[in-house]
Every structure is written in C-alpha cells, then in structure tokens.
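Working notes, structure below.
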Amino acid sequence: MDTSALITDLIAALGDGSVVTNVEDLEPHLREERGLFVGTSPALTKPRTTQDISEIVKICAAHNVAVVVHGGQTGLVGGGIPDDAVLIDMSRLNKIIEVDPVNLTMTVETGTILADVQAAADEAGAYFPLSLAAEGSCQIGGNLSTNAGGVHVVRYGNARQLVMGLEVVLADGRIWNGLRALRKDNTGYELKELFLGSEGTLGIITKAVLRLYPKLQQKAVAFVGCASFDQALQLLHTAQKRAGDVLMACEAMNKLSVELACKHMEGVTTPLENQHNCYVLLEFGSANTDADLNTVMESTLSDAFENKIIEDAVIAQSETQARAIWNVRESIPPAQKREGGSIKHDVSVPVSKTPEMIAKATELVEVLLPGVRVVAFGHLGDGNIHFNLTQPQDADKQEFLRHWHSTNEKIHDLIETMGGSFSAEHGIGQLKTGEMARLKSDVELDLMRTIKSALDPQNRLNPGKVLPPKN
Ligand SMILES: Cc1cc2nc3c(=O)[nH]c(=O)nc-3n(C[C@H](O)[C@H](O)[C@H](O)COP(=O)(O)OP(=O)(O)OC[C@H]3O[C@@H](n4cnc5c(N)ncnc54)[C@H](O)[C@@H]3O)c2cc1C
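Number 391 in this note's numbering belongs to position 402 of the sequence shown; there are no gaps in the numbering.
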C-alpha cells in the first residue's frame, strides 16, 4: 500500500480536517472497551455526507485498501477493529432529516446517537422503542448493522423490525437509495434485509427510515421474586395472557446476579424484603390514556400469586421507583466485572425452553469448572439469556479465563442441540467467526459467501468479520 498517496487522495476529496493520521488520535479507534482485539489503520476519515463516503470507498478501492465503519464503538465482538483498513467515522452524519408523526416514521442519518433518535421521536409526540444500556453512545447505524436487541424486543422486535427503508453506499462506491417510508411494497427482493445485521460487511448504511409508534401515555413496572426460572417463565406466560400487548419487557435475573449488583454498585438495592432464587422485572406500557396499567399489573401479579407462581412482588409507585428497579437489572454487567474474571455467553433458545437451557448449562459448567458461579440474567421474554460465569472465589483470574474458549464451545454445542443461537445479540464480529465455521452448516455458509461475493467481490468492506475464512 502506498500510504502517502492514499492519504493525499483522501485529503484532496475530504479536506485536511477530515482525515486523521496521527497516532494519538487514531489509537482509541484501534481497540474496543474490553481490549480483546487491537487493530491497525493508516487513517481515520470523518465524512459529512453520503457523497463523501462514496468518494472514500472509491479512493480506497483504487488503492486496494479495505474500509471499516465506526459508529459509537460500543460493539463487543471486535467488529470495528481494522486490519490495515481505512476507518470511516460516522459521527458527523448525525442529522434527523424528517419526522412524520402520521406515517409514524423518522428519516435519519445513521451517525445519530440512539438516545437522540429516541428524544426526537418523543418531541414529535411519538415513540422509538429500541433501548439498550449503551444508548447514550451507540449510533443508530451501529444498531442497524448489528441488528441490536435491547429490552423491548418482546413487544417491538429487534432493530431489523424497526426499519422501513435504507440508503447504503455499496462496495464499488455506488449509492443505493432505498429510503422508502412504505408499509406496503412488494416490488422484488427485500434488499434492506441484506444490510441489516451484516456488520458493515455488505454495505455502509448512511440513512434510514425508522418505524415509530404512538407515544406511551402510561407505564407500570414491577419487581418480582420467584422460586426458579421455571416459575419466572410461568409468570411471563401469565403476563402474556392477562396483559396482552401491553407487555414491553420481561427481564429475569438469578439470585447471584442481583446479589452482585447490590454488593458492588452504589445505591442499588432490591425493593423486596426477602431473597429469592430468581427475580423478574416486568414492564407494561400503553399509548392508551384510558388504560389503567397499575390495575392490569396488580391483577397479573395476584393471578400469579394465587397460582403459587411468584413469592413476592412490588409495583413501582413513581418514576423514581421504576428507575431504581431498572437500575438493579442494568447494574449486573458492571457489578459482575468487579467480582473478578467472567466467561460470557450471549445465547438464545425458544422462549419456552429457557429454564431448561439454564438448568442444563448450569449442570454442565459445574462439572467443567468446579466452584464456578453462574450469573444468568437477561431477556426472558425473548429466550435470550446472558449465561455468564464468574470465577470461583479466590481463583486465579487468568487461569480461569484460559477456559473461555473451551467452555464457550461446550455451551454453544448444548444450545445447538436445543435449536438455539450462539449469538443472540451483538453479532459475530471477529470474536465468533470460529463458531460460525464450527456450527453453521456448509449450505448456510455457502449462501452467505455467495451474497458477500456478489455485493463485495474484492472483499473490501470490513474483511475478516462475520464469515470465517474458507478452508
Ligand atoms: C453497556 C452495553 C450494553 C449493550 N447492550 C446491548 C443490548 O442490549 N443489545 C444489543 O444488541 N447490543 C448491546 N450492546 C452492544 C452494542 O451496543 C450494540 O451492538 C450497538 O448496536 C453497536 O452500536 P455502535 O454504534 O456502537 O456500533 P460500533 O460498535 O461502532 O459498530 C458495530 C459494528 O457495526 C458496524 N457499523 C457501525 N455503523 C455502521 C454503519 N453505519 N454502516 C455499516 N456498518 C456499521 C461496525 O463496522 C461494526 O462492525 C451493548 C454494549 C454495551 C457496551
């Protein structure tokens, strides 16, 4: 690669202030929060428009250099780590282009921070339901490229379900304008689905038409104690039957995960008097001003109580109490970090099999890693559990972490036998390409490679991510 000629061309196209080459400014773009991967790059570009991105892609193609897109860099699987590729920082493409409160759509540039998308919807009297702990720093483009989930999937689906149209820069620099705000369009193949969840390997998403919902007028949040995940699942089923489509979130947490949140995170306590083997956070929401959600929550919980499904429950009486309950759930990942080394699995199974999966996985790891402490929590309503393992008390952290890979394989094999997924959220990046090779069928990998080579024949878009190398 002739780096200086490449940089000269990039500066000529974008201007001096839009191409970063000095080591200190590049450095934060070469690693992720967890420090699992470190990359290299000749330059970070800061485009302002879709046209700029098209130019960058064409220049890089002419110099035979790959490109990697950076959103908010909150990804956890090494998806944005470059290997001598030019970086494209999306943060200047952050305009809310249009909100249509009647069509219930919003058109945005994809460098917009997720929390800003939510706020713009709210200001327009509507609601954008995608919500995750990184929402203050992740970008909507990163959410769409990783098909992010979050806490409201049980009602509104993943990021994929919240998109009506896209604009995408292709590997040859052409711009595909698929920015349609249509609820009905049966004109050929559904191209946008290819780019959603493709982690920047098939195209660069520059604009999106997002699906909005009527603004919520009421919410009810409860924190519930149960004897087991089996009972937590029965509570979910009770809520589905009694509350129907007002159910917005159903998060489950095992005893240890809540204990760690209360132990390590300042101000975090559970609102329940006694301890329970399993906890559930239920959230109901409605855009209907006449609905009385606290009554719906009360009747759901008393039904569950009478049927001996739950042991205790508290319904939040104010926004502050509701926030405090959510805080217990959101404090688990940082609290687990403070307890020592952890081996993580982000897996899903059909919702009805979730307790069975947790029981079987627990049995397995207790044999593999005696003394290990299971921290299982997550989106019960989606069958997606963060099945995380905290090191045994007093164990050596590095020695424990040496078992990461082999433990992942065993758990993923179990998940496979249950018809599940070894990556329910966060994507594949480079962390899980080995598992793609091991667990995806030849036919599925072949189909994916056919799509990749049709859209990016020179392998210039985020190479080395998602697809494993061919043997
Ligand atoms: C505290 C915390 C909580 C999280 N919770 C969740 C959760 O509940 N659910 C969940 O799914 N994830 C979660 N994540 C993971 C992460 O936040 C999401 O994957 C998020 O969607 C990534 O957005 P980002 O803008 O940070 O993307 P980045 O990290 O910048 O990029 C992620 C990938 O997308 C590509 N990309 C980014 N923008 C574009 C674009 N415009 N066009 C093409 N490719 C692009 C990148 O090249 C990279 O491969 C969490 C992460 C953290 C740190």
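In this text, a Cβ means the ideal position worked out from N, Cα and C, and glycines have one as well.
For residue i: DSSP bridge partner residues
{"i": "Lys326", "result": "DSSP output for Lys326 lists no bridge partner at all."}
{"i": "His368", "result": "Asn373"}
{"i": "Gln466", "result": "Look at the range of the chain in this structure, -10 to 460, and you will see that residue 466 is not part of it."}
{"i": "Asn243", "result": "Cys267"}
{"i": "Phe212", "result": "Leu270, Val303"}
{"i": "Ser410", "result": "Ser337"}
{"i": "Val432", "result": "None; Val432 has no bridge partner."}
{"i": "Asp72", "result": "Thr29"}
{"i": "Leu450", "result": "Val56"}
{"i": "Ile86", "result": "DSSP, once it has assigned bridges, lists no residue as partnering Ile86."}
{"i": "Arg362", "result": "Thr379"}
{"i": "Ile102", "result": "Gln128"}
{"i": "Thr34", "result": "Val8, Ile77"}
Spatial neighbours of residue i in its chain, beta-carbon cut-off 7 angstroms, leaving aside the 5 residues before and after
{"i": "Lys399", "result": "Leu353, Leu357"}
{"i": "Val257", "result": "Ala250, Cys251, Asn316, Val317, Ser320"}
{"i": "Thr343", "result": "Phe218, Leu222, Leu369, Gly372, Ile374"}
{"i": "Ile314", "result": "Val210, Phe212, Pro260, Leu270, Ala305"}
{"i": "Leu201", "result": "Leu93, Thr94, Met95, Ala110, Ala115, Tyr116, Phe117"}
{"i": "Trp393", "result": "Ile332"}
{"i": "Gly330", "result": "Gln380, Lys386, Phe389, Leu390"}
Where residue i sits in the DSSP three-state scheme
{"i": "Pro17", "result": "helix"}
{"i": "Lys196", "result": "strand"}
{"i": "Val97", "result": "strand"}
{"i": "Thr379", "result": "strand"}
{"i": "Met237", "result": "strand"}
{"i": "Ile45", "result": "helix"}
{"i": "Thr396", "result": "helix"}
{"i": "Val455", "result": "coil"}
{"i": "Thr63", "result": "coil"}
{"i": "Arg427", "result": "helix"}
{"i": "Arg81", "result": "coil"}
{"i": "Thr439", "result": "helix"}
{"i": "Thr259", "result": "coil"}
{"i": "Thr351", "result": "helix"}
{"i": "Thr10", "result": "coil"}
Close beta carbons around residue i, own chain, < 8 angstroms, minus the five adjacent residues each side
{"i": "Asp72", "result": "Gly28, Thr29, Ala55, Pro452, Gly453"}
{"i": "Leu171", "result": "Met153, Gly154"}
{"i": "Pro203", "result": "Leu93, Ala115, Tyr116, Ala276"}
{"i": "Thr278", "result": "Gln206, Gln207"}
Contacts around residue i, its chain only, beta-carbon distance under 6 angstroms, and the 5 residues preceding and following it disregarded
{"i": "Asn283", "result": "Ala209"}
{"i": "Leu65", "result": "His415"}
{"i": "Ala324", "result": "Leu249, Ala250, His253, Met254"}
{"i": "Ala104", "result": "Glu124, Gly125"}
{"i": "Leu205", "result": "Tyr116, Gly274, Ala276"}
{"i": "Gly192", "result": "Val157, Leu159, Phe184"}
{"i": "Pro339", "result": "Gly372"}
{"i": "Val140", "result": "Ser120, Ala238"}
{"i": "Arg37", "result": "Arg81"}
{"i": "Val198", "result": "Thr94, Thr96, Met153, Gly154, Leu168, Ala170"}
{"i": "Ile404", "result": "Val336, Phe411"}
{"i": "Gly418", "result": "Val66, Gly67, Gly68, Lys454"}
{"i": "His334", "result": "Phe376, Ile400"}
First and last residue of the uninterrupted beta strand (DSSP E) at residue i
{"i": "Val75", "result": "75 to 78"}
{"i": "Val27", "result": "Looking at the DSSP string, Val27 is not in any beta strand (DSSP E), and its letter there is neither H nor E."}
{"i": "Asp(-2)", "result": "From DSSP, Asp(-2) is part of no beta strand (DSSP E) but of the alpha helix (DSSP H) over -8 to 3."}
{"i": "Glu188", "result": "Where Glu188 is concerned, there is no enclosing beta strand (DSSP E), given that its DSSP letter is neither H nor E."}
Boundaries of the alpha helix (DSSP H) in which residue i is found, first to last residue
{"i": "Glu22", "result": "Unbroken run through Glu22: none, as it is neither H nor E."}
{"i": "His226", "result": "218 to 232"}
{"i": "Glu182", "result": "181 to 184"}
{"i": "Gln419", "result": "It is not in any alpha helix (DSSP H) - Gln419 carries neither H nor E in the DSSP assignment."}
{"i": "Lys386", "result": "386 to 390"}
8 angstroms Cβ cutoff, residue i in contact with chain D
{"i": "Gln223", "result": "You won't find chain D in this structure, because it holds only one protein chain."}
task = May I have a chain-ordered list of the beta strand (DSSP E) segments no shorter than 3 residues that lie completely inside the stretch 282 to 349?
result = 301 to 304, 335 to 337
ask   = Can you list, in chain order, the stretches of the alpha helix (DSSP H) that have 4 or more residues and sit fully within the stretch 111 to 177?
value = 129 to 134, 142 to 145
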